[in-house]
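Visitor: Protein sequence lines correspond, in order, to chains Z and R. The first sequence begins at 1 in full-length UniProt numbering and counts up by one. The second sequence begins at 1 in full-length UniProt numbering and counts up by one. Using N, Cα and C, we set each Cβ at its ideal position, and we do this for glycine too.
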Amino acid sequence: MLTTLILGLVLGGTYALLALGLTLQYGIARIMNLAYGELTLIAAFVVVAAFQAAGIPPLAALIAVVPAGYALGWVLYTVMMRPLVARSESRGRLEIDSILATFGLLFLIQGVLLVSFGANFTSISYLDRGVNVFGVSVALNRLIAFGICVVAAGALIWALARTRWGLVMRAVALTPGSAPLVGIDVNRVARQGFALGTALAAAGGVSVAMYQTFSATGGVVFTMKALVIVIMGGVGNVAGALIAGLALGLIETFVSTTIDPGLTMAATFLIFLIVLLWRPQGLFGRG
Amino acid sequence: MLEVRDLRVRYGKHVALEGVSLKVGAGQMVAILGANGAGKSSLLNAIAGRIPTQGGDIAFEGQSLADVPTHALVERGIAIVPEGRGIFPALTVADNLSLGAIPERARASADGMRADVFELFPRLAERRAQIAGTMSGGEQQMVAIGRALMSAPKLLLLDEPSLGLAPIVAKEVFAALKRIRDTGLTVLVVEQNARATLALADFAYLVEAGRVTGSGPAAELRSDPAVVRAFLGGAMASET
Chain Z
1 MLTTLILGLV
11 LGGTYALLAL
21 GLTLQYGIAR
31 IMNLAYGELT
41 LIAAFVVVAA
51 FQAAGIPPLA
61 ALIAVVPAGY
71 ALGWVLYTVM
81 MRPLVARSES
91 RGRLEIDSIL
101 ATFGLLFLIQ
111 GVLLVSFGAN
121 FTSISYLDRG
131 VNVFGVSVAL
141 NRLIAFGICV
151 VAAGALIWAL
161 ARTRWGLVMR
171 AVALTPGSAP
181 LVGIDVNRVA
191 RQGFALGTAL
201 AAAGGVSVAM
211 YQTFSATGGV
221 VFTMKALVIV
231 IMGGVGNVAG
241 ALIAGLALGL
251 IETFVSTTID
261 PGLTMAATFL
271 IFLIVLLWRP
281 QGLFGRG
Chain R
1 MLEVRDLRVR
11 YGKHVALEGV
21 SLKVGAGQMV
31 AILGANGAGK
41 SSLLNAIAGR
51 IPTQGGDIAF
61 EGQSLADVPT
71 HALVERGIAI
81 VPEGRGIFPA
91 LTVADNLSLG
101 AIPERARASA
111 DGMRADVFEL
121 FPRLAERRAQ
131 IAGTMSGGEQ
141 QMVAIGRALM
151 SAPKLLLLDE
161 PSLGLAPIVA
171 KEVFAALKRI
181 RDTGLTVLVV
191 EQNARATLAL
201 ADFAYLVEAG
211 RVTGSGPAAE
221 LRSDPAVVRA
231 FLGGAMASET
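This is the structure in structure tokens:
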């Protein structure tokens, strides 16, 4: 039971990290990014390639991959999303356009990943010796991945709640129409939010690379799980996404150890459906 | 300080402003009076960069404001309280005020300004932790005006600050405007309540069907028979 709890929390930490980025992109930039999982995979493959080719440890790669993710998000927003934002008069229009555009981006990135890294499942052995946590042996790489989640999510939640930057982000997420009245350039803030979300996708990708087995076509699973968590936690609700992410990790681990590993996805979507039907605004409401 | 020359605004085929010109001098409180649909709000929104114009020029401190987006105006010293207030209803009163001080120019003076706003509207000090959207209309108007003041503006634009407020609350808002005027801040206010506004303003423009049909010092307009008939009507008689 304790093993399930600890392994579940570790898995949930990665999910939560992924969901935070998606909820930032949707909450601040109003873009539902269906290529989110592929962005995560880019980071994961880069980390693996750097490790296998040059022996660069994933933790060191993290320092370069996260800012690179921010830069990639910045460019994606400027080149691809900004024209959609500029021509959409309503929020609904932007949501539909961005879903279609990022759906295309998904296959574009997937194709590039397939050509570059092949279709095989990939994983690396990095710090995989066991560490004793309350009597349970947990691989060190999983603990580090969990640590990345705790630090990144903690810093984000603190910054959103306590800093001037966070106040501006919240203002744009909640009432974009009023933001220009206090001198906020909504376009600039949306670009920052989208770029930061991509940076979190990259951080999630580093965590994935450290302890999971993944393939170039598996990005959609990350997107779906992040989406489920975002909706469960309440769209735009950062703390809700964190809690829902941890909960999903626990549930999946519990189902796979006590019932059947093949049922984890089914369990995830069963919960998703229940939440959608019973509390469409999310368990913790809108952020 | 602010000069509008021959401003034209159209919405499709509908002409909202047909060559409006006006001047606001430093330290003045200038009112724009007119009935519903006369073009008052279009005028203020055009100055605030919230709607496109089809001709004419708007200059602030000698510099043209053409193509200056709304968010950049605040940094230049123009604060806007739009119709409908434009506050952040999901955030607290304190957060709304802090957002007012986001522009670079306002940051150093934010603490002093917050104290001034709380003195002007003691209710906001009591309710600083309340979610702004749960307050009454008059209190939300105070939040909007307080937030505008937080940006340490040189010019304050107010669009119908008394609209939709109960008479006693509107009175409170006008009392606050009087105190703001007395600090020497330059104010341009659009209002339907001509009587209360003329009692405060230094100068006023009368707008009808997209044109300026009259202007003059507020004290003169108050006793102008034509103005009394068109804008002050029976309400004046009932009060005096």
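(1) Specify, as a first and last residue, the run of the alpha helix (DSSP H) that R/R222 falls within.
(2) Going straight from the alpha carbon of R/T183 to that of R/P103, what length do you get?
(3) Could you say if the region 186–205 of chain Z and the region 38–48 of chain Z meet the contact criterion of at least three C-beta pairs nearer than 8 Å?
(4) So, for R/I58: in the same chain, excluding its five sequence neighbours on each side, which residues have a beta-carbon less than 6 Å away from its beta-carbon?
(5) Specify the secondary structure class of Z/V235 as computed by DSSP and reduced to three states.
(6) How many Å lie between R/D224 and R/E191 at the Cα?
(7) When Cβ atoms are compared, which residues of the region 162–191 of chain Z fall closer than 8 Å to chain R?
(8) Below 8 Å CB to CB, which residues in the same chain sit around R/L163 once its five sequence neighbours on both sides are set aside?
(9) Residues of chain Z with CB under 7 Å from R/F88, in chain order?
(10) Determine whether the beta carbon atoms of R/L124 and R/M113 lie at a separation below 9 Å.
(11) To which residues does DSSP link R/Y11 through a beta bridge?
(12) Compare the Cα-Cα distances from Z/F284 to each of Z/I99, Z/A190, Z/G236, Z/L156 and report the closest residue.
(13) On a Cα-Cα basis, can you pick out the residue from R/H71, R/G86, R/A144, R/P52 that is closest to R/L97?
(14) What residues of chain Z sit near R/R147, judged by a beta carbon separation below 9 Å?
(15) When the distance is taken between beta carbons, is R/L206 closer than 9 Å to R/V212?
(16) Is the CB of R/D95 under 9 Å away from at least one CB in chain Z?
(17) Is R/R50 close to chain Z, meaning its C-beta is less than 9 Å from at least one C-beta of that chain?
(18) Please report whether the beta-carbon of R/V15 lies at a distance below 9 Å from any beta-carbon of chain Z.
(19) Would you kindly work out how many angstroms separate the C-alpha atoms of R/E139 and Z/L114, rounded to a whole number?
(20) Please list the residues of the region 120–141 of chain R that have a C-beta atom closer than 7 Å to any C-beta atom in chain Z, keeping them in chain order.
(21) Here's the rule I'm using: 16 or more other beta-carbon atoms within 10 Å means buried, otherwise exposed. How should R/R147 be labelled?
(22) Can you determine whether any heavy atom of the ligand SAH sits closer than 8 Å to the C-beta of Z/L277, and answer yes or no?
(23) Could you pull the start and end residues of the beta strand (DSSP E) that R/D57 belongs to?
(24) Quick one: what's got a C-beta closer than 7 Å to Z/G130's C-beta in the same chain, skipping five residues either side?
(25) Is there contact here, the region 11–20 of chain Z with the region 246–263 of chain Z, by at least three beta-carbon pairs under 8 Å?
(26) Does DSSP put Z/F272 in a helix, in a strand, or in coil?
(27) Could you check what DSSP says for Z/G12 in three-state terms: helix, strand or coil?
(28) Tell me whether Z/Y70 sits in a helix, a strand or coil according to DSSP, three-state version.
(29) Can you tell me whether R/F121 is buried or exposed, with buried defined as 16 or more other CB within 10 angstroms of its CB?
(30) One question on the structure: do Z/M210 and Z/A145 come within less than 9 Å of each other, judged by their Cβ atoms?
(31) Hey, does R/L206 have any beta-carbon neighbour from chain Z nearer than 9 Å?
(32) Do you know how far the Cα of Z/M169 is from the Cα of Z/G262?
(33) To the nearest angstrom, report how far apart R/A72 and R/K154 are at their CA atoms.
(34) Using only CA atoms, which one of R/P52, R/V173, R/T186 lies nearest to R/L156?
(35) With the cut-off set at 9 Å, would you say R/R50 and R/T70 are in Cβ contact?
Guide: The answer reads as follows:
(1) In the second sequence, the residue the question calls residue 222 of chain R occupies position 222. Looking at the DSSP string, the run of the alpha helix (DSSP H) that includes R/R222 is 218–223.
(2) Locating residue 183 of chain R in the second sequence gives position 183, where the first residue counts as 1. Locating residue 103 of chain R in the second sequence gives position 103, where the first residue counts as 1. Those two C-alpha atoms are separated by around 21 Å.
(3) yes
(4) Walking along the second sequence from the start, residue 58 of chain R turns up at place 58. Correct list, in chain order: V4, I47, L65.
(5) Numbered from 1 along the first sequence, position 235 holds the residue referred to as residue 235 of chain Z. DSSP places Z/V235 in coil when its eight states are reduced to three.
(6) Residue numbering aside, residue 224 of chain R sits at position 224 when the second sequence is read from its first letter. Residue numbering aside, residue 191 of chain R sits at position 191 when the second sequence is read from its first letter. Using only the alpha carbons, I get a separation of about 18 Å.
(7) R164, L167, V168, R170, A171, L174, T175, G177, S178, A179, P180, L181, V182, G183, I184, D185, V186
(8) For the purposes of this step, residue 163 of chain R is identified with residue 163 of the second sequence, where counting begins at 1. Answer for R/L163: E83, Q192, listed in chain order.
(9) Here residue 88 of chain R refers to the residue found at position 88 when the second sequence is read from its first residue. Correct list: A171, L174, T175, S178.
(10) In the second sequence, counting from the first residue as 1, residue 124 of chain R sits at position 124. In the second sequence, counting from the first residue as 1, residue 113 of chain R sits at position 113. Not a contact, by the Cβ cut-off of 9 Å.
(11) Along the second sequence, one-based indexing puts residue 11 of chain R at 11. Answer by DSSP bridge pairing, in chain order: R/H14.
(12) For this step, residue 284 of chain Z is matched to residue 284 along the first sequence. Here the closest residue by C-alpha is Z/G236.
(13) Counting from one through the second sequence, the residue named residue 97 of chain R turns up at place 97. For the residues R/H71, R/G86, R/A144, R/P52, the minimum Cα distance to R/L97 belongs to R/A144.
(14) Residue 147 of chain R sits at position 147 when you count from the first residue of the second sequence. Under the 9 Å cutoff, chain Z gives L181, V182.
(15) Counted from its first residue, the second sequence places residue 212 of chain R at position 212. Counted from its first residue, the second sequence places residue 206 of chain R at position 206. Against a cut-off of 9 Å, the Cβ pair of R/L206 and R/V212 comes out as a contact.
(16) Your numbering for residue 95 of chain R matches position 95 in the second sequence. Cβ-Cβ to chain Z under 9 Å: yes for R/D95.
(17) The count along the second sequence starts at 1 and reaches residue 50 of chain R at position 50. Cβ-Cβ to chain Z under 9 Å: yes for R/R50.
(18) The residue you call residue 15 of chain R lines up with position 15 of the second sequence. Chain Z contact via Cβ: absent.
(19) On the second sequence, position 139 is the one that residue 139 of chain R refers to. On the first sequence, position 114 is the one that residue 114 of chain Z refers to. Roughly 59 Å separates the two Cα atoms.
(20) none
(21) By one-based count along the second sequence, residue 147 of chain R stands at place 147. Buried, by the Cβ-count rule.
(22) Within the structure as shown, the ligand SAH is missing, as the structure has no ligands at all.
(23) Here residue 57 of chain R refers to the residue found at position 57 of the second sequence. Where R/D57 is concerned, the enclosing beta strand (DSSP E) stretches over 55–60.
(24) One-based indexing of the first sequence puts residue 130 of chain Z at position 130. Cβ neighbours of Z/G130 beyond the five flanking positions: S137, V138, A139.
(25) yes
(26) Taking the first sequence and counting its residues from 1, one reaches residue 272 of chain Z at position 272. Looking at Z/F272 - three-state DSSP - the assignment turns out to be helix.
(27) In the first sequence, the residue the question calls residue 12 of chain Z occupies position 12. Helix.
(28) Within the first sequence, residue 70 of chain Z is the residue found at index 70, counting from 1. Of the three classes helix, strand and coil, the one that applies to Z/Y70 here is helix, per DSSP.
(29) Taking the second sequence and counting its residues from 1, the one referred to as residue 121 of chain R is at position 121. The residue in question, R/F121, is buried, as its Cβ has 16 or more Cβ neighbours within 10 Å.
(30) Counted from its first residue, the first sequence places residue 210 of chain Z at position 210. Counted from its first residue, the first sequence places residue 145 of chain Z at position 145. Their beta carbons are under 9 Å apart, which means Z/M210 touches Z/A145 by this criterion.
(31) For the purposes of this step, residue 206 of chain R is identified with residue 206 of the second sequence, where counting begins at 1. No, no contact with chain Z.
(32) Indexing the first sequence from 1 puts residue 262 of chain Z at position 262. Indexing the first sequence from 1 puts residue 169 of chain Z at position 169. Approximately 40 Å between the Cα atoms of the pair.
(33) Here residue 72 of chain R refers to the residue found at position 72 when the second sequence is read from its first residue. Here residue 154 of chain R refers to the residue found at position 154 when the second sequence is read from its first residue. So the alpha carbons of these two residues sit roughly 14 Å apart.
(34) The count along the second sequence starts at 1 and reaches residue 156 of chain R at position 156. Answer by Cα proximity: R/T186.
(35) Against the second sequence, residue 50 of chain R aligns to sequence position 50. Against the second sequence, residue 70 of chain R aligns to sequence position 70. Cβ atoms of R/R50 and R/T70: closer than 9 Å.
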